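Colleague: Quick note, the working numbering runs 318 ahead of the 1-based positions in the sequence shown. Positions of the beta carbon are idealized from the N, C-alpha and C atoms, including for glycine. Since the model is a prediction, treat every value here as computed from it, not as a measurement. Structure incoming, see below.
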Amino acid sequence: MSPKSIEVACWNVAKGLGLPPVESNIYEGIKSFDADFIFLSEGYATGNGDSKYWKLPQDEIDGRIRDFAAAEGYNVAITNYDDTDKTRTDVPSNFEQYAVLLTRPRFNMNVTQVRLGTRNALRAVVELQCASPMPIYGAHFDDRTTGAREGMAQAFLEDVAIIAHQENKPIDGLSATLAGDLNVMHSKSISARLTGSSLFNAAAEHAPVKRVKSLGTRLHEMANGNLLNRLEKAGFSDAHPLRQPTFRFAGLPLVQLDHIMTRGVYAVNPERLKQKGSDHDALTVTIYPTAQ
319 MSPKSIEVAC WNVAKGLGLP PVESNIYEGI KSFDADFIFL SEGYATGNGD
369 SKYWKLPQDE IDGRIRDFAA AEGYNVAITN YDDTDKTRTD VPSNFEQYAV
419 LLTRPRFNMN VTQVRLGTRN ALRAVVELQC ASPMPIYGAH FDDRTTGARE
469 GMAQAFLEDV AIIAHQENKP IDGLSATLAG DLNVMHSKSI SARLTGSSLF
519 NAAAEHAPVK RVKSLGTRLH EMANGNLLNR LEKAGFSDAH PLRQPTFRFA
569 GLPLVQLDHI MTRGVYAVNP ERLKQKGSDH DALTVTIYPT AQ
């Protein structure tokens, strides 16, 4: 018999897998979730050069992830982002990021890689009791431009529409979930009003430290909530209505960039969990199907 509910979690682990001192904290955090679907944005990165992001060969990193997953009773799927717009100048030309998805075998999820605009994502289809198959997407929306993020959101909605058609449901009638670092804020949140202000943008533009300037200008763009508004118009809602910050800078909670967006389900017991090993907090929520 299919399970009645599923525990969904997402966490941007800031490329910490494969870095033994940080990796242990990440794995302890994952154990504490005890979730059935765990999407890890920025699981690890590869490329040439002496960087904090790659200390172990890729096959060894993958092996360590799979060993942990097997020990904790998870299936594992790994995908590279395969960014189409490789415009970054602060990393080697062959820099590549990878996302990791852990799923419980008892759900018998069909996990596939899907292309959402400029990046790859992972999709798992789960069947809960008395419910139609429901896709759950793990995605890390592009942090570089608003256009890239909106393109990923459009591709996500189109993919959901295709599955709805396959299930003989109206476009907005399919239950679905999107979890991950979406790099966007709710425009009416306090943090979005602050970072979206012209004063904040001016301060970011004139920041003497390059990293602070880059972060500030991108956060200013992310304060535009049009992307989330578009998802809400398609029937999705944020499972964490308090809109607490999930991204930290210098250890201080700053803005909410991570979201679990759901449609056609009951999302209960949402939690934001501060964990060691990343500048992002993790999100968890329990999902029950509605009558279908």
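1. Tell me whether T495 is buried or exposed, calling it buried when 16 or more other Cβ atoms sit within 10 Å of its Cβ.
2. How many whole angstroms separate the CB atoms of K446 and I324, which I take to be in contact at a CB cut-off of 8 Å?
3. Measuring straight from C-alpha to C-alpha, what distance separates R590 and T513?
4. Look at the Cβ atom of P571, then the Cβ atom of P563, and state whether they are nearer than 8 Å.
5. When every heavy atom of the ligand GTP is checked, does at least one fall within less than 7 Å of the C-beta of G435?
6. Counting beta carbon pairs with one atom in the stretch 355 to 364 and one in the stretch 485 to 503, are three or more of them shorter than 8 Å?
7. Taking the alpha-carbon of Q574 as reference, which of E390, N330, L492, R441 has the nearest alpha-carbon?
8. Nearest to V583 by alpha carbon, out of P607, G543, A568, D576?
9. Assess, as a yes-or-no matter, whether the stretch 464 to 475 is touched by the stretch 376 to 391 under the definition of 3 or more beta carbon pairs within less than 8 Å.
10. For G367, which of helix, strand or coil comes out of DSSP?
11. Which word fits P262, buried or exposed, when buried means at least 16 other C-beta atoms lie within 10 angstroms of its C-beta?
12. For the beta strand (DSSP E) that A661 lies in, which residues bound it at each end?
13. What residue range does the beta strand (DSSP E) around F567 cover?
14. Pick from L419, N486, D400: whose alpha carbon is nearest that of D460?
15. Nearest CA to the CA of F518: which residue from M503, P526, L537?
16. Mind checking who L420 pairs with in its DSSP beta bridge?
17. Helix, strand or coil for P339, going by three-state DSSP, please let me know.
18. Assuming the contact rule is C-beta atoms closer than 8 Å, L440 and G456 should be a hit. Round their C-beta distance to whole Å, please.
19. From the beta carbon of N542, is the nearest beta carbon of chain B less than 8 Å away?
20. Using C-beta distances below 6 Å, list every residue in its chain close to V530, excluding the 5 sequence neighbours before and after it, in chain order.
21. Along the chain, where does the beta strand (DSSP E) that runs through N544 open and close?
22. Spatial neighbours of A395 within its chain, please: CB distance less than 6 Å, with the 5 preceding and 5 following residues excluded, ordered by chain position.
23. Rounded to the nearest angstrom, how far is the Cβ of G543 from that of A510, given a contact under 8 Å?
24. So, under 8 Å CB-CB, L654 and G336 are touching, yes? Tell me the CB distance rounded to an integer number of Å.
25. Label D385 either buried or exposed according to how many other C-beta atoms from any shown protein chain fall within 10 Å of its C-beta, with 16 as the threshold for buried.
26. Can you look up V527 in the DSSP assignment and give me helix, strand or coil?
Modeller: Per the coordinate set shown:
1. buried
2. The amino acid occupying residue 446 in the given sequence is Leu; Lys does not appear at that position. Yes, L446 and I324 are in contact; Cβ-Cβ is about 6 Å, under 8 Å.
3. About 21 Å.
4. yes
5. Looking for the ligand GTP in the displayed structure turns up nothing, as the structure carries no ligands at all.
6. Taking a contact to require three or more Cβ pairs closer than 8 Å, the stretch 485 to 503 and the stretch 355 to 364 qualify as touching.
7. Measuring from the Cα of Q574, the nearest candidate turns out to be N330.
8. P607
9. Contact fails between the stretch 376 to 391 and the stretch 464 to 475, because fewer than three Cβ pairs, one in each stretch, are under 8 Å apart.
10. Interpretation of G367 is limited by its pLDDT of 49, a score under 50 that renders its predicted location unreliable; the figure taken from the coordinates is listed afterwards. The answer is coil: DSSP assigns G367 none of H, G, I, E or B.
11. Not covered by the structure: residue 262. The range shown for the chain is 319 to 610.
12. With the chain covering 319 to 610 only, the question about residue 661 has no answer from this structure.
13. 565 to 567
14. D400
15. L537
16. I356, V394
17. helix
18. 5 Å
19. Included in the structure is just one protein chain, with no chain B present.
20. Beyond the five residues adjoining it in sequence on each side, V530 comes within less than 6 Å, by CB distance, of no other residue in the same chain.
21. Taken as a continuous stretch (DSSP letters only), N544 belongs to no beta strand (DSSP E), being part of the alpha helix (DSSP H) at 544 to 551.
22. L419, V429, L440
23. 6 Å
24. There is simply no residue 654 to check, as the chain begins at 319 and stops at 610 in what is shown.
25. exposed
26. Taken through DSSP and simplified to helix, strand or coil, V527 comes out as coil.
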